[in-house]
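Everything below concerns the one structure shown next.
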C-alpha cells in the first residue's frame with residue numbers, strides 16, 4: 133500500500149477508535165433522563181410479569197389440589213400428590229434455565245433489540261393457554277399445565293439476560309446499579325401482585341365456595357386458579373409494544389455490528405430527541421473489532437481473572453436460588469407446617485379459611501421482607517457497592533437459617549414462637565433482596581465484554597435456575613421424611629450451608645461500582661478497534677456495493 137494509503141487507513145483507524153471511546157463516555161456520563169426511566173419501566177414490566185407467573189403457582193397449586201387432587205377420605209378436600217406438585221412447580225425453572233442459555237446466546241449473535249419482545253410473546257401465549265387448559269382421558273390437566281409452564285419458562289428465562297444487558301448498556305456509570313436494581317425490584321411487586329390477586333379472588337368467591345356441593349366438588353375454585361394465572365397476561369400485553377420498539381443498544385451496534393458511526397448517532401438521539409433513525413441509503417463503515425467465536429471465547433475465559441469471575445457469578449446465583457426458590461415456591465407449605473394461620477374449621481368454611489390464610493401469610497412475607505429488601509438495595513447499591521452487599525447478605529442469611537433450623541422445634545412450640553419464626557422468615561426475604569438476590573442479577577450484566585455479556589449473564593442465571601430445580605426436587609423429596617412436613621427444620625439447616633458457600637464464591641468477584649463496562653471487561657480499550665475492514669453502500673436497505681479497505 134502507498135504511504136498516502138497507509139496514512140489514510142491509520143487516520144481512519146484512530147478516528148473510529150476515538151469516536152467509539154467518546155461515544156461510550158457520553159453514555160457513561162449522561163445525565164439522568166426520561167430515556168433512562170423508560171428503559172427501567174420497559175424492562176421492569178417484564179420482570180413484574182415473570183415474578184407474577186412464577187410465584188402465582190405457589191397459591192394456585194393449593195387451588196388445583198382442591199379441584200383435581202386426590203382426597204384422603206370423605207369430607208377431606210383434595211390435594212396434589214408429591215409428583216404433581218413437583219411437576220407444576222419445577223417445570224418453569226427447567227424452562228427458564230433453557231431460555232436463559234438460548235436467549236443469552238441469541239442476544240449476542242443477532243442483537244438485543246431483535247430478541248426483546250419475542251420472549252414476552254412466548255410468556256403471553258403460554259400464560260393464556262394455562263388459563264384455558266383442560267384434561268381428558270389421554271392426558272391429565274396437570275400434565276398439560278406442566279408443558280405450558282415449561283414453555284412459559286423459556287420466555288421468562290430470556291428476560292433475564294436481555295433485560296440486564298439492555299439496562300446495563302444504556303445506563304450511566306454512576307446510576308447503573310440503581311437502574312438495574314429498579315428493573316429487578318419489579319420482581320418483588322410481581323410476587324406481591326400475585327398474592328394480592330389471589331386474596332381478592334378468594335374473598336370475591338367466598339359465597340360461591342360456601343355454596344359448592346362439598347369439599348370434594350369445589351367447582352368454583354376451578355374458576356379461581358384460572359383467573360389468578362390468566363391475569364399474568366395483562367402487564368405483559370401492556371409492555372409488549374414498548375419492548376418491540378426499544379432501540380438497539382449502542383454498545384452492540386459498535387462492538388458486535390462494528391458500526392461506530394450509527395452507534396454514535398443513536399447515542400445522540402437517545403439523550404436528546406428520543407427518536408431513532410436508520411438511513412436505508414447510508415454508507416456503512418465496518419470497523420475491525422474482536423469478534424465472538426469459540427476460539428476467542430476460550431482465549432478470553434482461559435484467563436483466570438475472567439474465568440474466576442464467571443465461576444463467582446454462576447455459583448453465587450446457584451447457592452442463592454437454592455434458598456430463594458426453595459422457600460419462595462413452598463412458603464404456603466412452610467406456613468402450614470408451623471401451624472401459622474391454620475384454620476380451626478373443617479368443611480367448606482375450612483377450605484375458604486385455608487386459602488385466605490395462605491394469601492394473608494404470603495402478603496405479610498412479601499410486604500414485610502421482599503419489597504423493602506429490593507428498595508434498600510436501591511438506596512445503597514451505588515454507594516456501598518455490589519460485593520459488600522452480597523457478602524453481608526450471605527453472612528446474615530447463614531445465621532438466620534441456622535437459628536430457624538436448629539431452633540425450629542422450640543420456635544413452633546408456642547404462639548409467640550410461631551410469630552418469631554414468621555419474623556425471622558421475613559428477615560430472610562429482606563436479606564435475600566438486600567443481598568445476593570439483587571447483586572447476583574446485577575454483577576453478570578457488568579463484568580463481561582459486550583460480545584459475551586448476554587451469553588455470560590445467561591450462563592450465570594441458568595446456574596441459579598439449576599439451584600432452583602435442585603431445591604424444588606429436594607424439597608419435595610425430603611419435606612415429608614419422618615411425617616408430614618417433619619423435615620422442614622433440616623431443610624433450613626441445609627440452606628444455611630449453601631448460604632455459607634455463597635460467602636466464599638463472592639470473594640471471587642470484583643467490585644463494579646463507579647466503573648465503566650469497558651473497564652470491567654479486562655480488555656484494553658485504546659486501540660480496541662483495529663481499523664475499518666469494509667465499506668458497505670446501501671440503497672433502500674439493500675447492499676449495492678462493498679469495498680474492502
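Numbering (our numbering), first residue to last: 133 to 681.
Ideal placement from N, C-alpha and C gives every residue a C-beta, glycine not left out.
Distance between residue j and residue i (C-alpha atoms, nearest Å)
| i | j | result |
| --- | --- | --- |
| residue 272 | residue 200 | 9 angstroms |
| residue 617 | residue 543 | 15 angstroms |
| residue 413 | residue 160 | Any answer about residue 413 is weak, because its pLDDT of 46 lies below 50 and its placement is not dependable; what the coordinates show is given next. Going by the C-alpha atoms only, they are around 30 angstroms apart. |
| residue 579 | residue 623 | 33 angstroms |
| residue 188 | residue 256 | 15 angstroms |
| residue 298 | residue 196 | 37 angstroms |
| residue 714 | residue 572 | The structure shown does not extend to residue 714, since the chain is modelled only from 133 to 681, so the question has no answer here. |
| residue 192 | residue 329 | 11 angstroms |
| residue 635 | residue 401 | 43 angstroms |
| residue 235 | residue 214 | 32 angstroms |
| residue 619 | residue 537 | 10 angstroms |
| residue 162 | residue 290 | 28 angstroms |
| residue 615 | residue 642 | 45 angstroms |
| residue 296 | residue 456 | 19 angstroms |
| residue 302 | residue 347 | 54 angstroms |
| residue 498 | residue 645 | 28 angstroms |
| residue 395 | residue 500 | 44 angstroms |
| residue 340 | residue 323 | 26 angstroms |
| residue 510 | residue 611 | 35 angstroms |
| residue 263 | residue 392 | 46 angstroms |
| residue 514 | residue 309 | 6 angstroms |
| residue 592 | residue 232 | 9 angstroms |
| residue 311 | residue 362 | 29 angstroms |
| residue 567 | residue 224 | 24 angstroms |
| residue 150 | residue 609 | 59 angstroms |
| residue 152 | residue 237 | 24 angstroms |
| residue 605 | residue 557 | 21 angstroms |
| residue 626 | residue 468 | 20 angstroms |
| residue 75 | residue 360 | Nothing can be reported for residue 75: it is not among the residues displayed for the chain, which extend from 133 to 681. |
| residue 653 | residue 523 | 22 angstroms |
Boundaries of the alpha helix (DSSP H) in which residue i is found, first to last residue
| i | result |
| --- | --- |
| residue 182 | 166 to 200 |
| residue 334 | 308 to 336 |
| residue 251 | 250 to 263 |
| residue 542 | 540 to 543 |
| residue 504 | 503 to 512 |
| residue 551 | 547 to 565 |
| residue 569 | 568 to 574 |
| residue 426 | 426 to 433 |
| residue 444 | 436 to 460 |
| residue 620 | 620 to 638 |
| residue 374 | 365 to 377 |
| residue 466 | 463 to 469 |
| residue 423 | Careful: residue 423 lies outside any alpha helix (DSSP H) and carries neither H nor E. |
Residue i (DSSP reduced to helix, strand or coil)
| i | result |
| --- | --- |
| residue 478 | coil |
| residue 656 | coil |
| residue 293 | helix |
| residue 349 | coil |
| residue 163 | coil |
| residue 271 | coil |
| residue 645 | coil |
| residue 611 | coil |
| residue 516 | coil |
| residue 217 | helix |
| residue 596 | helix |
| residue 388 | coil |
| residue 380 | coil |
| residue 578 | coil |
| residue 413 | At residue 413 the pLDDT is 46, less than 50, meaning the model places this residue with poor confidence and gives no usable figure here. |
| residue 617 | coil |
| residue 242 | coil |
| residue 400 | helix |
| residue 343 | coil |
| residue 303 | coil |
| residue 266 | coil |
Residues bridged to residue i [DSSP beta-bridge criterion]
| i | result |
| --- | --- |
| residue 211 | 202 |
Assumed close pair residue i, residue j - CB separation to whole angstroms, cut-off 8 angstroms
| i | j | result |
| --- | --- | --- |
| residue 601 | residue 229 | 7 angstroms |
| residue 374 | residue 174 | 5 angstroms |
| residue 194 | residue 534 | In fact, because the Cβ distance is near 30 angstroms, the residues do not count as touching under 8 angstroms. |
Any non-hydrogen atom of the ligand MN within 7 angstroms of residue i CB
| i | result |
| --- | --- |
| residue 338 | As for the ligand MN, it is missing from this structure, which has no ligand bound. |
Closer than 8 angstroms to chain B by CB, residue i
| i | result |
| --- | --- |
| residue 395 | Reference to chain B is not applicable here, since this structure consists of a single protein chain. |
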